[in-house]
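Asks: Got a structure for you, written out below as structure tokens; questions coming shortly.
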Amino acid sequence: MANENNNIEESKIKVMGDDYVRIVNAKTIFGWTLINGTCKKKKPKKIKNYKLTFTRSKNIPYHDRMVELERLYFKKEEERKTYYSTDILNIIFLYLLFIIPGLIYSLFKMHQKKMIKNHNAAINKSQLNYLSEAKSITSASNGQSFNNHKSIPESSVNKPVETRQTPLQLTGQAPQLPADNNKSNINLSSNQRNDDDDEDSFN
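The numbering of the sequence shown is this note's numbering, which starts it at 8 and goes up by one.
See below:
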């Protein structure tokens, strides 16, 4: 038993609600299994923050390469930029008082949005390549063929691309955790969940 535990590694991460499904799917491709976590909603906007725990066997095929691919994937994630949309009231104010500064500001925001979109698109492409290689390693280890899907789907300026190179269908719902006799699993569609709760746990 002790030897078996030594072959298991653990990863604990924090994820914002909008990134939950994408990050869980990425971690799954890199060989991790989600075992438990908590969901805390920050007031007043009820932004969901997840604390997740994953485990992975150190004996998975090409473990060192999977670790490196995962490191590269999340390094790219840290380079992602966020575009903050223009405040329409500021634009109106600038145009009313100073037409030229208002025009310059509008052109600047348009250029900024384009630059950030191109920057994030390059990150999406790199991340897709890392996921594709990890998926091909897993498929080859299982004796399955793998069709390397190279096309990059369109994405918004801030939203990361969602690849079909995942063992899970990206339907807005993360994988269900093993059932517990004493606790019910969290329903990530949240249609039936009480939004007044501050924190949910699942394990």
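We put the beta carbon where it would ideally sit given N, CA and C, even for glycine.
1) Considering only C-alpha positions, which residue in the set Leu96, Ile15, His126 is nearest to Tyr227?
2) Unbroken beta strand (DSSP E) runs of length 3 or more, entirely within the segment 20–97: which are they?
3) So is Thr62 in contact with chain C if we call contact Cβ pairs under 8 Å?
4) Between the C-alpha atoms of Ile36 and Pro108, what's the straight-line distance to the nearest angstrom?
5) Please classify His156: is it buried, with 16 or more other beta-carbons within 10 angstroms of its beta-carbon, or exposed?
6) Pull up the distance between the alpha-carbon of Lys65 and that of Lys55, whole angstroms please.
7) Looking at the strands, I want to know which residues DSSP matches up with Ile211.
8) Measuring CB to CB, does Tyr137 end up less than 8 Å from Tyr80?
9) Straight-line CA distance for Ser146 to Arg78?
10) Taking just the CA atoms, how far does Ala141 sit from Asn32?
11) Please classify Phe115: is it buried, with 16 or more other beta-carbons within 10 angstroms of its beta-carbon, or exposed?
12) By the three-class DSSP mapping on this structure, what secondary structure does Phe105 have?
13) Just how far apart, CA to CA, sit Lys124 and Asn12?
14) Go through its chain and collect everything with a Cβ distance to Lys19's Cβ below 6 Å, but skip five positions before and after it.
15) Where Lys21 and Tyr57 are concerned, what is the direct C-alpha to C-alpha distance, given to the nearest angstrom?
16) Here's the rule: buried if 16 or more other CB atoms are within 10 angstroms of the residue's CB, otherwise exposed. What is Ile99?
Replies: Reading off the structure:
1) Outside the shown range of the chain (8 to 210) lies residue 227, about which nothing can therefore be said.
2) 40–49, 54–64
3) Checking the listed chains, one finds no chain C in this structure; it contains a single protein chain.
4) 49 Å
5) Caution applies to His156, whose pLDDT of 40 falls short of 50 and renders its modelled position unreliable; the value that the coordinates give is listed next. Per the 10 Å Cβ criterion, exposed.
6) 31 Å
7) With the chain covering 8 to 210 only, the question about residue 211 has no answer from this structure.
8) yes
9) 20 Å
10) 12 Å
11) exposed
12) coil
13) 44 Å
14) Thr60
15) 6 Å
16) exposed
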